[in-house]
Amino acid sequence: MGEVIVITSGKGGVGKTTATANIGAGLALRGYKVALVDADIGLRNLDVVLGLENRIVYDLVDVAHGHCRLKQALIKDKRFEGLHLLPAAQTKDKTAVKPEQMKEICLQLKEEFDYVIIDCPAGIEQGFKNAIAGAEKAIVVTTPEVSAVRDADRVIGLLEAAELKEPKLVINRLRPKMVRQGDMMTIEDIIEILAVDLLGVIPEDEQIIVTTNRGDTVVQDQRSRSGEAFRNIARRILGEPVPLMDLERDGNLFTRLRKIIGLR
Amino acid sequence: MLDFIVRFFQRHSLGSKEVAKERLRLVLVHDRANVSPELLELLKNDLVQVISKYIEIDERGLEVTLDSSEEMVALVASIPVRRVKRAVKVASV
Ligand SMILES: Nc1ncnc2c1ncn2[C@@H]1O[C@H](COP(=O)(O)OP(=O)(O)O)[C@@H](O)[C@H]1O
Ligand SMILES: [Mg+2]
């Protein structure tokens, strides 16, 4: 029996879809069977981020309405053994699926997959409610900005109210240089404010744009910092105590934080 | 060296992240207070219990609110006192 994890944030554009694709690919690289579900109905993106946009036949709404079997809608990613995508519908809207239907689809998926990862739409309305309906765990993505952290706080409250306790935090687009200059909130600042456990930190990295342009993931890129950060997150999800990587290279700013994660 | 120290501190005092943190702290106090009137209700019940050990109060007249100005948020409690208990030397726990 697999595990259903929703990736959410409240605010749009903070990196949910990027995180879903890369964490999913990272888990597949470790040999696990992974299903990615694009719950952003009407604004589907996960397919293009993964470079699978030309292979869609059926989608989530077709499955929910019984127009096809679940198996028929799943797209197998040929680059990663074990990675599959259930795409969102592009022409419908968020009310096309009901929370009960999402729950049922997640139940079916986790019978076959080790990890079911749901890419949540922005906002806290129907699309959010659908996306979290079948989830057992939640990852909240934020960037080190006031608006994103504020929305993350709101979402954490809603997740806890929905019995998705102890969501884990991913801080995306951190710029170590700005942190050093005192112009960006630190990892510690954000954790202290949100009072949640940290799952990982992704640095701002042009390589993400480059790989996304090609429909590739950055986890495949052995040299990129963000790729390493995503691989580390995948390993932490698998229960390995991976220390926070040294975003500064010359270090010391992050050494104290190692403890937080290293002890997990 | 002195020059370096001065610049170091200047840079830090000018850093925008402290401003961000402070604004975030305030906005979250407001957000969280709005989201959870239940929390104030729980706090009220606990306050009644603690205060009643020392002072007899009118529970129904008790008011607890979060009062906010731009600069800060204060927890304001208005507690009508009925009677102060006599000679409480050691608080019983
Ligand atoms: N760490 C990063 N460094 C640079 N660009 C990033 C990073 N994370 C995300 N992006 C870019 O930010 C944009 C929004 O990301 P996306 O994953 O689509 O956000 P969301 O799904 O939350 O709306 C994309 O163009 C993506 O390539
Ligand atoms: Mg998205």
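Chains as they are written, first to last, in the numbering used here: chain A, 52 to 315; chain B, -10 to 82.
Yeah, the Cβ is synthetic: ideal placement off N, Cα and C, and Gly gets one too.
Beta-carbon separation of A/R95 and A/A147 under 8 Å?
Going by C-beta atoms, A/R95 is not nearer than 8 Å to A/A147.
Between the stretch 229 to 250 of chain A and chain B, which residues of the former have CB atoms less than 7 Å from a CB of the latter, in chain order?
Listed in sequence order: Q232, G233, D234, M235, M236, D240, I244.
Can you pull the chain B neighbours of A/V197, defined as C-beta to C-beta under 8 Å?
Those are A9, R12, L13, V16, listed as they occur along chain B.
Can you find a C-beta in chain A that's less than 8 Å from the C-beta of B/S57?
No, B/S57 does not count as interfacial toward chain A.
Between which two residues does the alpha helix (DSSP H) carrying A/E151 extend?
150 to 163 is the span of the alpha helix (DSSP H), which, as asked, contains A/E151.
According to DSSP, simplified to helix, strand and coil, what is A/N105?
It is helical.
Less than 7 Å separating the Cβ of A/R67 from some heavy atom of ligand 2?
Reading off the sequence, residue 67 of chain A comes out as Lys, not Arg. A/K67 Cβ: within cutoff of ligand 2.
Would you mind telling me which residues of chain B sit closer than 8 Å to A/V191, beta carbon to beta carbon, in chain order?
The contacting residues do not exist; A/V191 stays about 15 Å from chain B at best.
If A/I92 and A/K145 are in contact, beta carbons under 8 Å, what's the gap, nearest whole angstrom?
Their Cβ separation, rounded to whole angstroms, is 5 Å, which keeps A/I92 and A/K145 in contact under 8 Å.
Using a Cβ-Cβ cut-off of 8 Å, state whether A/R201 counts as contacting chain B.
Yes, A/R201 lies at the interface with chain B (some Cβ there is under 8 Å from its Cβ).
What would DSSP say about A/N73, mapped onto helix, strand or coil?
Correct three-state label for A/N73: helix.
Who are the near neighbours of A/V206 in its chain, counting only those whose CB is closer than 7 Å to its CB and skipping five residues on each side?
Counting only Cβ-Cβ distances below 7 Å, and skipping sequence neighbours, we find T59, S60, G61, I175, V191.
Run down chain A in chain order and give the residues with a C-beta less than 8 Å from the C-beta of B/D20.
Residues of chain A passing the Cβ test: R201, D204, R205.
Would you mind giving the Cβ-Cβ distance between A/L137 and A/A79, rounded to the nearest angstrom? I have them listed as a contact below 8 Å.
The Cβ separation is near 15 Å, so there is no contact.
So with CB distances below 9 Å, who are the chain A contacts of B/K6?
Correct list: P195, M229, V230, Q232, G233, D234, M235, M236, T237, D240.
With distances taken between CB atoms, is the gap from A/L289 to A/P254 smaller than 8 Å?
Taking 8 Å as the Cβ cut-off, A/L289 and A/P254 do not qualify as a contacting pair.
On a CA-only basis, which of A/C119, A/N73, A/V108 is nearest A/V100? Give me that one, please.
Considering only alpha carbons, the answer is A/N73.
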